[in-house]
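Numbering (the numbering used here), first residue to last: 2 to 180. Idealized CB from N, CA, C, for every residue including glycine. Computed from a prediction, not measured in an experiment: that's the story for all the values here. See below for the structure under consideration.
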(Lines of atoms letter the chains of each structure in order from A and count residues from 1; the text may use other names and numbers.)
(Lines give C-alpha, C1' and ligand atoms only; values in the text may rest on other atoms or scores of the structure.)
Protein backbone atom coordinates (compact mmCIF):
# COMPACT_ATOMS: atom_id res chain seq x y z
CA UNK A 1 0.00 0.00 0.00
CA UNK A 2 3.05 2.29 -0.08
CA UNK A 3 2.92 3.27 3.59
CA UNK A 4 6.34 1.79 4.45
CA UNK A 5 9.80 1.95 2.89
CA UNK A 6 10.75 -1.66 3.61
CA UNK A 7 7.95 -3.64 1.91
CA UNK A 8 6.93 -5.14 5.27
CA UNK A 9 3.29 -4.63 4.36
CA UNK A 10 3.58 -5.71 0.71
CA UNK A 11 1.52 -8.54 -0.72
CA UNK A 12 3.27 -11.44 -2.45
CA UNK A 13 2.33 -12.54 -5.94
CA UNK A 14 3.55 -14.95 -8.60
CA UNK A 15 5.01 -13.60 -11.81
CA UNK A 16 8.07 -12.21 -13.52
CA UNK A 17 9.90 -9.10 -12.40
CA UNK A 18 11.41 -6.85 -15.05
CA UNK A 19 13.77 -4.07 -13.99
CA UNK A 20 16.42 -1.77 -15.39
CA UNK A 21 18.29 -1.72 -12.07
CA UNK A 22 17.86 -2.90 -8.51
CA UNK A 23 19.55 -2.18 -5.22
CA UNK A 24 19.91 -4.69 -2.42
CA UNK A 25 21.28 -3.41 0.88
CA UNK A 26 22.44 -6.72 2.37
CA UNK A 27 25.38 -8.71 0.98
CA UNK A 28 24.61 -12.33 0.16
CA UNK A 29 22.40 -14.47 -2.04
CA UNK A 30 20.72 -17.22 -0.04
CA UNK A 31 18.31 -20.04 -0.72
CA UNK A 32 15.83 -21.45 1.80
CA UNK A 33 16.60 -25.04 2.76
CA UNK A 34 14.85 -27.36 5.18
CA UNK A 35 16.93 -29.01 7.90
CA UNK A 36 16.06 -31.61 10.50
CA UNK A 37 18.64 -29.90 12.76
CA UNK A 38 18.29 -26.61 14.63
CA UNK A 39 20.90 -24.61 12.73
CA UNK A 40 22.49 -21.35 13.87
CA UNK A 41 23.53 -18.34 11.81
CA UNK A 42 27.12 -18.67 10.62
CA UNK A 43 27.22 -22.46 10.65
CA UNK A 44 28.64 -24.22 7.58
CA UNK A 45 26.18 -26.61 5.93
CA UNK A 46 26.22 -29.55 3.52
CA UNK A 47 23.66 -31.58 1.63
CA UNK A 48 21.79 -34.04 3.87
CA UNK A 49 22.64 -37.39 2.28
CA UNK A 50 19.78 -39.17 4.07
CA UNK A 51 16.92 -37.25 2.40
CA UNK A 52 16.23 -35.09 -0.66
CA UNK A 53 16.79 -31.34 -0.80
CA UNK A 54 17.74 -30.76 2.84
CA UNK A 55 20.89 -29.50 4.55
CA UNK A 56 22.76 -30.39 7.75
CA UNK A 57 25.76 -29.03 9.67
CA UNK A 58 28.91 -29.96 7.77
CA UNK A 59 31.00 -32.72 9.31
CA UNK A 60 34.18 -34.42 8.12
CA UNK A 61 34.65 -34.52 4.35
CA UNK A 62 31.04 -33.71 3.36
CA UNK A 63 30.52 -31.44 0.35
CA UNK A 64 30.02 -27.86 1.60
CA UNK A 65 27.16 -25.90 -0.03
CA UNK A 66 27.23 -22.68 2.01
CA UNK A 67 26.62 -21.19 5.45
CA UNK A 68 23.49 -20.15 7.32
CA UNK A 69 23.05 -16.46 6.54
CA UNK A 70 22.53 -13.75 9.14
CA UNK A 71 20.87 -11.15 6.90
CA UNK A 72 20.59 -12.18 3.25
CA UNK A 73 20.18 -9.61 0.51
CA UNK A 74 18.08 -11.96 -1.61
CA UNK A 75 16.46 -15.22 -0.55
CA UNK A 76 15.37 -17.77 -3.13
CA UNK A 77 12.35 -19.78 -1.99
CA UNK A 78 9.54 -18.95 0.39
CA UNK A 79 10.86 -19.97 3.77
CA UNK A 80 8.77 -21.90 6.23
CA UNK A 81 8.96 -24.31 9.15
CA UNK A 82 12.48 -25.64 9.71
CA UNK A 83 13.84 -23.66 6.74
CA UNK A 84 17.06 -21.66 6.90
CA UNK A 85 18.54 -19.06 4.53
CA UNK A 86 21.75 -20.67 3.27
CA UNK A 87 24.21 -18.17 1.77
CA UNK A 88 25.32 -19.52 -1.60
CA UNK A 89 27.56 -16.57 -2.52
CA UNK A 90 28.39 -13.09 -1.22
CA UNK A 91 29.43 -11.83 2.21
CA UNK A 92 28.20 -13.40 5.44
CA UNK A 93 29.74 -14.19 8.84
CA UNK A 94 31.03 -17.74 9.37
CA UNK A 95 31.65 -19.32 12.77
CA UNK A 96 35.31 -20.30 13.15
CA UNK A 97 37.72 -21.70 15.73
CA UNK A 98 41.50 -21.77 16.13
CA UNK A 99 42.15 -25.36 14.99
CA UNK A 100 43.96 -24.22 11.85
CA UNK A 101 45.71 -21.32 13.58
CA UNK A 102 45.21 -17.61 13.04
CA UNK A 103 43.16 -16.65 9.98
CA UNK A 104 44.34 -13.82 7.73
CA UNK A 105 42.29 -11.87 5.22
CA UNK A 106 42.23 -13.93 2.03
CA UNK A 107 42.71 -17.32 3.70
CA UNK A 108 40.34 -20.07 2.64
CA UNK A 109 37.99 -21.52 5.27
CA UNK A 110 37.12 -25.21 5.60
CA UNK A 111 35.33 -27.31 8.22
CA UNK A 112 37.01 -27.95 11.58
CA UNK A 113 36.55 -31.04 13.74
CA UNK A 114 33.50 -29.29 15.25
CA UNK A 115 30.37 -29.75 13.10
CA UNK A 116 29.35 -26.51 11.34
CA UNK A 117 32.39 -24.54 12.55
CA UNK A 118 35.17 -23.43 10.20
CA UNK A 119 38.93 -23.16 10.43
CA UNK A 120 41.81 -22.00 8.24
CA UNK A 121 42.43 -24.55 5.48
CA UNK A 122 45.75 -26.39 5.58
CA UNK A 123 45.60 -28.43 2.37
CA UNK A 124 43.37 -29.72 -0.40
CA UNK A 125 39.69 -30.14 0.39
CA UNK A 126 36.26 -28.58 0.52
CA UNK A 127 36.17 -24.87 1.37
CA UNK A 128 33.20 -22.66 2.18
CA UNK A 129 34.83 -19.40 1.17
CA UNK A 130 37.50 -16.75 1.73
CA UNK A 131 38.11 -14.81 4.96
CA UNK A 132 37.44 -11.07 4.74
CA UNK A 133 38.47 -10.45 8.36
CA UNK A 134 41.31 -11.62 10.57
CA UNK A 135 40.85 -14.07 13.44
CA UNK A 136 43.60 -14.45 16.05
CA UNK A 137 43.08 -18.20 16.37
CA UNK A 138 42.14 -17.99 20.05
CA UNK A 139 38.94 -19.81 21.06
CA UNK A 140 35.99 -19.34 18.73
CA UNK A 141 34.21 -16.51 16.98
CA UNK A 142 32.75 -15.40 13.68
CA UNK A 143 34.41 -13.60 10.79
CA UNK A 144 33.02 -11.97 7.67
CA UNK A 145 33.73 -14.23 4.72
CA UNK A 146 33.00 -14.33 1.02
CA UNK A 147 31.00 -17.49 0.41
CA UNK A 148 32.57 -19.48 -2.42
CA UNK A 149 31.92 -23.20 -1.87
CA UNK A 150 34.35 -25.30 -3.89
CA UNK A 151 36.99 -28.01 -3.83
CA UNK A 152 40.36 -26.31 -3.39
CA UNK A 153 43.45 -28.18 -4.56
CA UNK A 154 45.65 -26.67 -1.86
CA UNK A 155 48.32 -25.74 -4.39
CA UNK A 156 48.78 -22.27 -2.93
CA UNK A 157 48.60 -21.67 0.81
CA UNK A 158 49.12 -17.93 0.35
CA UNK A 159 46.31 -15.47 0.89
CA UNK A 160 44.53 -14.13 -2.18
CA UNK A 161 45.57 -10.66 -1.02
CA UNK A 162 49.20 -11.53 -1.78
CA UNK A 163 48.52 -12.58 -5.36
CA UNK A 164 49.17 -10.29 -8.32
CA UNK A 165 46.02 -8.64 -9.63
CA UNK A 166 45.57 -7.64 -13.27
CA UNK A 167 43.19 -4.94 -14.44
CA UNK A 168 43.00 -6.55 -17.91
CA UNK A 169 39.85 -8.51 -18.72
CA UNK A 170 39.99 -11.00 -21.58
CA UNK A 171 36.69 -10.65 -23.43
CA UNK A 172 37.75 -12.81 -26.40
CA UNK A 173 37.87 -16.06 -24.46
CA UNK A 174 35.79 -19.03 -25.58
CA UNK A 175 34.29 -21.52 -23.18
CA UNK A 176 34.15 -25.04 -24.59
CA UNK A 177 32.55 -27.92 -22.72
CA UNK A 178 33.44 -31.42 -23.90
CA UNK A 179 32.21 -34.81 -22.76
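{"query": "So what does DSSP say about residue 130, is it helix, strand or coil?", "result": "strand"}
{"query": "Would you kindly report the start and end of the unbroken beta strand (DSSP E) that includes residue 152?", "result": "141-153"}
{"query": "For residue 21, which residues of its own chain have a beta-carbon under 6 Å away from its beta-carbon, when the five flanking residues on both sides are left out?", "result": "none"}
{"query": "Which residue's Cα is closest to the Cα of residue 84: 24, 31 and 154?", "result": "31"}
{"query": "Decide if residue 103 is buried, meaning its Cβ has at least 16 other Cβ atoms within 10 Å, or exposed.", "result": "exposed"}
{"query": "Compare the Cα-Cα distances from residue 204 to each of 14, 72 and 111 and report the closest residue.", "result": "Shown here, the chain extends from 2 to 180; a query on residue 204 therefore has no answer."}
{"query": "Between the C-alpha atoms of residue 127 and residue 72, what's the straight-line distance to the nearest angstrom?", "result": "24 Å"}
{"query": "What residue range is occupied by the uninterrupted beta strand (DSSP E) comprising residue 90?", "result": "84-98"}
{"query": "Is it buried or exposed for residue 62, if we count other Cβ within 10 angstroms and need 16 for buried?", "result": "exposed"}
{"query": "Go through its chain and collect everything with a Cβ distance to residue 142's Cβ below 7 Å, but skip five positions before and after it.", "result": "97 and 136"}
{"query": "What did DSSP end up calling residue 13 once you bin it into helix, strand or coil?", "result": "coil"}
{"query": "Within this structure, are the beta carbons of residue 67 and residue 89 separated by less than 8 Å?", "result": "yes"}
{"query": "Within this structure, are the beta carbons of residue 95 and residue 129 separated by less than 8 Å?", "result": "yes"}
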